[in-house]
Amino acid sequence: MRRSRKTYHFFAVALLMGCFFVLTSCENDQAAVDALFQKKKAIEEAKNVESYLSQSGITKAKLTSPYMLRVLVPDSNYFEFPRTLHVDFYDDSTVIESTVDARYAKYVEYDHKVLLRDSVLVQSLKNGDTLRTQELWWDQDKKEFYTDKPAHVYQRDKIIFAKDGLRAAQDLTSYTFYKSSGPMLVPSNGMPQ
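Quick note on numbering: the sequence shown equals residues 95 to 287 in this note's numbering.
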């Protein structure tokens with residue numbers, strides 16, 4: 095019986111020591127645990143960028159910029175153009191129909207939208223219209239521009255000021271103005287076309 099009591103004490107001591115080591119070794123640094131679950135971001139950069147957008151094998155746009163950042167994040171990748179951007183939009187015959195210039199742009203891949211900021215200029219080669227604003231969104235899927243910031247549209251015979259922004263076709267052939275002012279032509283029936 096003595097032998098089994100010694101064995102019992104040995105096992106009891108071993109068990110208690112094992113619990114002590116387990117309890118002390120399971121303690122983690124909270125900062126180390128948080129770092130394991132932190133979202134990582136990778137940044138790629140490019141200089142003298144020239145990129146083409148095509149749909150069904152037809153070139154739809156050409157983008158040029160002196161500097162581009164591609165930011166890879168788990169939620170949504172995006173491209174950033176912090177040192178100006180120029181885009182030529184083409185019709186189906188690859189003739190330039192409109193151009194866009196801005197000092198800053200950010201393209202969110204998931205949304206297919208581009209935020210243009212700082213001295214934004216859109217020009218239509220079809221009808222000669224020019225759109226100027228400080229902030230403008232381009233929706234790639236809908237092929238339109240929109241903003242809720244003040245904007246000016248310069249046409250051959252008039253200037254239209256859109257106090258609360260506008261929505262316009264990518265080639266500037268149609269507009270919806272929000273709180274606009276300036277001379278506008280209205281059809282004889284009073285209904286917009």
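Virtual Cβ for every residue (Gly too), placed ideally from N, Cα, C.
Burial state of residue i (16 or more Cβ within 10 Å)
i: Gln149; result: exposed
i: Glu138; result: exposed
i: Ala136; result: exposed
i: Val216; result: buried
i: Ile253; result: exposed
i: Glu45; result: There is no way to answer for residue 45, as the model of the chain reaches only from 95 to 287.
i: Ala199; result: buried
i: Val208; result: buried
i: Ser218; result: buried
i: Tyr269; result: buried
i: Thr267; result: exposed
i: Val194; result: buried
i: Ser192; result: buried
i: Ala125; result: exposed
For residue i: DSSP bridge partner residues
i: Ser148; result: Thr153
i: Ser218; result: Ser192
i: Thr241; result: Leu260
i: Leu266; result: In the DSSP output, where bridge partners are listed per residue, Leu266 has none listed.
i: Arg164; result: Glu138 and Phe173
i: Glu229; result: Arg211
i: Ala199; result: Phe175 and Leu210
Option nearest residue i by Cα separation, candidates the options
i: Gln264; options: Lys134, Lys236 and Val247; result: Lys236
i: Pro160; options: Leu147, Lys257, His180 and Gly151; result: His180
i: Leu260; options: Tyr272, Asp251, Gln249 and Lys252; result: Tyr272
i: Asn171; options: Asp205, Ala155 and Lys257; result: Asp205
i: Val214; options: Trp232, Lys207 and Glu203; result: Trp232
i: Ala155; options: Phe183, Lys141 and Leu230; result: Phe183
i: Asp258; options: Arg250, Asp251 and Ala245; result: Ala245
i: Leu157; options: Tyr146, Asp251 and Ala196; result: Tyr146
i: Leu230; options: Arg211, Leu266, Leu163 and Tyr201; result: Arg211
i: Gly222; options: Ser274, Asp185 and Tyr248; result: Tyr248
i: Phe175; options: Lys141, Val189 and Thr224; result: Lys141
i: Val189; options: Gln124, Thr153, Asp123 and Ala125; result: Thr153
i: Glu144; options: Tyr201, Thr227 and Met162; result: Met162
i: Asp251; options: Asp186, Arg177, Thr224 and Asp185; result: Thr224
Neighbour flag for residue i against chain B, beta carbons, 8 Å
i: Glu191; result: The chain labelled as chain B is not found in the depicted structure, where only one protein chain is given.
The region 237-247 contacting the region 155-171, beta-carbon criterion three pairs below 8 Å: Touching, no.
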